Amino acid sequence: GEDVEQSLFLSVREGDSSVINCTYTDSSSTYLYWYKQEPGAGLQLLTYIFSNMDMKQDQRLTVLLNKKDKHLSLRIADTQTGDSAIYFCAEAVGGFKTIFGAGTRLFVKA
Amino acid sequence: DTGVSQNPRHKITKRGQNVTFRCDPISEHNRLYWYRQTLGQGPEFLTYFQNEAQLEKSRLLSDRFSAERPKGSFSTLEIQRTEQGDSAMYLCASSPIAVPSTDTQYFGPGTRLTVL
Numbered sequence: 001g002e003d004v005e006q007s008l009f010l011s012v013r014e015g016d017s018s019v020i021n022c023t024y025t026d027s028s029s030t031y032l033y034w035y036k037q038e039p040g041a042g043l044q045l046l047t048y049i050f051s052n053m054d055m056k057q058d059q060r061l062t063v064l065l066n067k068k069d070k071h072l073s074l075r076i077a078d079t080q081t082g083d084s085a086i087y088f089c090a091e092a093v094g095g096f097k098t099i100f101g102a103g104t105r106l107f108v109k110a
Numbered sequence: 001d002t003g004v005s006q007n008p009r010h011k012i013t014k015r016g017q018n019v020t021f022r023c024d025p026i027s028e029h030n031r032l033y034w035y036r037q038t039l040g041q042g043p044e045f046l047t048y049f050q051n052e053a054q055l056e057k058s059r060l061l062s063d064r065f066s067a068e069r070p071k072g073s074f075s076t077l078e079i080q081r082t083e084q085g086d087s088a089m090y091l092c093a094s095s096p097i098a099v100p101s102t103d104t105q106y107f108g109p110g111t112r113l114t115v116l
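Going down the list, the sequences are from chains A and B. Residue 35 in the working numbering sits at position 35 of the first sequence; the count goes up by one each step and never skips. Residue 97 in the working numbering sits at position 97 of the second sequence; the count goes up by one each step and never skips.
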């Protein structure tokens, strides 16, 4: 079946690194994504990784993909209070359908 | 602003009424998606259009739900005989057909439906 699981909450101090983890089930996923949702706002794509890659870095964001374990992680370096939001992991299934996790709520303490 | 727009932003209706939502995608995007998001959950896929063709529908889309994209531009999502369980945020997203395609989706702000 298609399922994406994430831990629900993460709390970090400002300046620390945040690591948000995700597991997915569909081994045929072509792309995996991280989206950010701030209160009252729509989902914003943060980054994506192609399934034949192990790692992708984009400024403060590092995505790691372990395809064998179907595990995806998002590391945010030097976390700021503005990073407080809900982060959704998602996988592209069957070309067009995207399955989202329930989201990880990141709290950044000043 | 050339992002995805949705109207209305909020809709309150009584149980049993029909409601219609509109989505205007980014103008050059061929693909359009509808999702439903309830509190504490991620978006759940409802349906997908490529141009005017509706190519996929979720099991979540009961026969009370219908979506159209008549000219391959804007789309409407209609819910007939609304039920309290239909209360949710309805999200629209669009994406371009690109080679290679990452199917990166751009989301609108959503329409929040409350059924009393």
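Beta carbons: idealized from backbone N, C-alpha and C, even for Gly. Note that the coordinates shown come from a computational prediction; the quantities given were computed from them, not determined experimentally.
Identified DSSP bridge partners for residue i
i, result
"Glu5/A", "Thr23/A"
"Met53/A", "For Met53/A, which the question treats as bridged, DSSP gives no partner whatsoever."
"His10/B", "Arg112/B"
"Phe107/A", "Ser11/A"
"Thr47/A", "Trp34/A"
"Ile79/B", "Val19/B and Phe65/B"
Start-to-end residues for the beta strand (DSSP E) that takes in residue i
i, result
"Ala90/A", "Ala85 to Val93"
"Glu24/B", "Looking at the sequence shown, residue 24/B is not Glu but Asp. Run containing Asp24/B: Val19 to Asp24, per the beta strand (DSSP E) assignment."
"Val4/B", "Element bounds for Val4/B: n/a, residue is neither H nor E."
"Asn66/A", "Leu61 to Asn66"
"Ile76/A", "His71 to Ile76"
"Thr47/B", "Glu44 to Gln50"
"Phe100/A", "Lys97 to Phe100"
"Ala41/A", "No beta strand (DSSP E) holds Ala41/A; DSSP gives it neither H nor E."
"Lys71/B", "No beta strand (DSSP E) holds Lys71/B; DSSP gives it neither H nor E."
Buried or exposed by the 16-neighbour rule on C-beta atoms within 10 Å, applied to residue i
i, result
"Ser75/B", "buried"
"Gly16/B", "exposed"
"Thr2/B", "exposed"
"Phe9/A", "exposed"
Distance between beta carbons of residue j and residue i, contact taken as under 8 Å
i, j, result
"Ile86/A", "Gln44/A", "Contact flag wrong, Cβ pair sits at about 11 Å."
"Pro109/B", "Gly42/A", "5 Å"
"Gln84/B", "Asn18/B", "That belief does not hold up - the Cβ atoms of Gln84/B and Asn18/B are roughly 15 Å apart, past 8 Å."
"Pro96/B", "Glu44/B", "That pair is no contact at about 23 Å."
"Thr23/A", "His71/A", "5 Å"
"Asn30/B", "Gln50/B", "6 Å"
Given 8 Å, three or more beta-carbon pairs between the stretch 50–64 of chain A and the stretch 16–31 of chain A
yes
For the 8 Å Cβ check, are there 3 or more pairs between the stretch 29–36 of chain B and the stretch 90–98 of chain B?
yes
Would you check if the stretch 54–61 of chain B and the stretch 102–109 of chain A touch, i.e. whether three or more CB-CB distances between them fall below 8 Å?
no
Hey, is the stretch 72–83 of chain A in contact with the stretch 7–24 of chain A, meaning 3+ C-beta pairs nearer than 8 Å?
yes
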